[in-house]
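Participant: The following block contains the structure, expressed as structure tokens.
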Amino acid sequence: MALMRATFRAQFLANSWPRSTRSSLIVSFASDGTKDSCPTEGTVCIGVPFFVKRSKYGKLPVYTDYKSGRTQILTRIKNVNGDMMTMEKMLRLHMNDPKLLTRIDELTGSIILHGNHTSKVREWLEKLGF
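The sequence shown runs contiguously to residue 167 in this note's numbering.
As structure tokens, this is what we get:
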């Protein structure tokens, strides 16, 4: 019975995704820039040691939080798996600000940046292929 449910669920998920999204999820690139097969379906293999999972609606999980009566603005990146320290260092290099205040929460899988950097982070993640 459990095997039948698992098979049905796999077939349902495979048929419920739009075809363009399904094909883009399993494409990866080798180090020389050519297309390569990905080891597991549903992941993007681009040579970075971290992965950012999109929301169920296909959006990047980058949000703006307001604290202290909307005087402190934070940018939160959720659903981060893998090497979060490397992602933080790459973010600092991309922002051209080595003194950028960041916080890593490995328990929830999120990285918090001080300031409103939502659009820059989304553009950077899209360039990486997430």
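Cβ atoms here follow ideal geometry from the backbone N, Cα and C, with glycine treated the same way.
Mark Glu143 as exposed unless 16 or more other C-beta atoms lie within 10 angstroms of its C-beta, in which case mark it buried.
Facilitator: Its Cβ having fewer than 16 others within 10 Å, Glu143 is exposed.
Participant: So what's Thr101 in DSSP terms, helix, strand or just coil?
Facilitator: Thr101 falls in the strand class under three-state DSSP.
Participant: Sorted by chain position, which residues of the same chain lie with C-beta nearer than 7 angstroms to Lys104's C-beta, five sequence neighbours on each side aside?
Facilitator: Only Leu111 meet the Cβ criterion.
Participant: Please report how far the alpha carbon of Ser156 lies from the alpha carbon of Leu150, in whole angstroms.
Facilitator: Cα-Cα distance, rounded: 13 angstroms.
Participant: How should Leu97 be labelled, buried or exposed, when 16 other C-beta atoms within 10 angstroms of its C-beta is the threshold for buried?
Facilitator: Looking at its Cβ environment, which holds 16 or more other Cβ atoms inside 10 Å, Leu97 is buried.
Participant: Just the Cα atoms here: how many angstroms apart are Asn133 and Thr108?
Facilitator: About 24 angstroms.
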